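Worksheet: the structure to be examined is printed underneath.
In this note's numbering, the protein residues as written are 281 to 485.
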């Protein structure tokens, strides 16, 4: 698996901010605060969304730098399955100059050089992996981290709501959190299956 990942603030990150904005706007309308410009609470939407946007860009910077380590940690079991099948494929018996050999045999330099060529992956496998990488790094992984950013927005908003003891905010943010958690679990399972099944199956004969 090669890396070509670029995370942007996706639709679910923006959607989470829209949810928060709607919750705050609803609460202000309900209390007839939204048209009172002299009341600082009128600007709750700007303050909260602005803070969360700054937080999103901060987390995005961290993910852009460390996404590979984070992904390997989250999907370590699936990565191990993929690595095992790849190594097993590469270390299988090979035939060089009519002799069946193993990669760890004591070989003369000329045979070792020939064996290296046999260790290289066939072009058909490389093409399949490239296609999977395209889907993985430009669709599946950004979607997963986009959902994660969206959930974190809702989570931090819920924490702020608890600190303010605002039951309206807590109730709506809790419902939104459940929605995002379900989507994250679905995305997590899809990525795990892609690594352990689709990637690994490339090396099955």
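By construction, the Cβ of each residue, glycine as well, lies at the ideal position given by its N, Cα and C atoms.
As the structure is a prediction and not an experimental result, all values here were calculated from the model.
| message | Let's test the definition: count the other Cβ atoms within 10 Å of the Cβ of residue 368 and tell me whether it reaches 16, buried, or not, exposed. | response | exposed
| request: Thinking residue 303 and residue 452 are a contact (beta carbons under 8 Å), I'd like their distance in whole angstroms, please. | output: 5 Å
| query | In angstroms, rounded to a whole number, what distance separates the CA positions of residue 296 and residue 305? | reply | Residue 296 and residue 305 have their C-alpha atoms spaced approximately 14 Å apart.
| task | Below 7 Å CB to CB, which residues in the same chain sit around residue 454 once its five sequence neighbours on both sides are set aside? | result | 438
| query | Is it true that the CB of residue 426 sits closer than 7 Å to the CB of residue 290? | reply | yes
| Just the Cα atoms here: how many angstroms apart are residue 470 and residue 406? | 22 Å
| request: Compare the beta carbon distance of residue 329 and residue 361 with 7 Å and say whether it is the shorter of the two. | output: Against a cut-off of 7 Å, the Cβ pair of residue 361 and residue 329 comes out as no contact.
| request: Could you have a look at residue 289 and say whether DSSP puts it in helix, strand or coil? | output: In this structure, residue 289 counts as coil in the three-state DSSP scheme.
| field | Simplified DSSP assignment, three categories, for residue 358 | value | Three-state DSSP puts residue 358 in a helix.
| At which residues does the alpha helix (DSSP H) containing residue 418 begin and terminate? | From DSSP, residue 418 is part of no alpha helix (DSSP H); its letter is neither H nor E.
| task | Work out the CA separation of residue 432 and residue 344 for me, nearest whole Å. | result | 17 Å
| query | If you drop the 5 nearest sequence neighbours on each side, which residues of the same chain put their C-beta closer than 6 Å to that of residue 483? | reply | 365, 366 and 369
| field | Limits of the alpha helix (DSSP H) - the one that residue 460 falls within | value | 447-473
| request: Taking 7 Å as the cut-off, decide whether the C-beta atoms of residue 412 and residue 479 are in contact. | output: yes
| Which term fits residue 434, buried or exposed, when burial requires 16 or more other beta carbons within 10 angstroms of its beta carbon? | Buried, since its Cβ has 16 or more Cβ neighbours within 10 Å.
| When you compare only the Cα positions, how much space is there between residue 465 and residue 403? | Each residue's alpha carbon lies about 34 Å from the other.
| said: Does residue 329 come out as helix, strand or coil in the three-state DSSP assignment? | reply: helix
| field | residue 496 classed as buried or exposed, judged by whether at least 16 other C-beta atoms fall within 10 angstroms | value | The requested residue 496 is not part of the displayed model; the chain covers only 281 to 485.
| request: Helix, strand or coil for residue 484, going by three-state DSSP, please let me know. | output: coil
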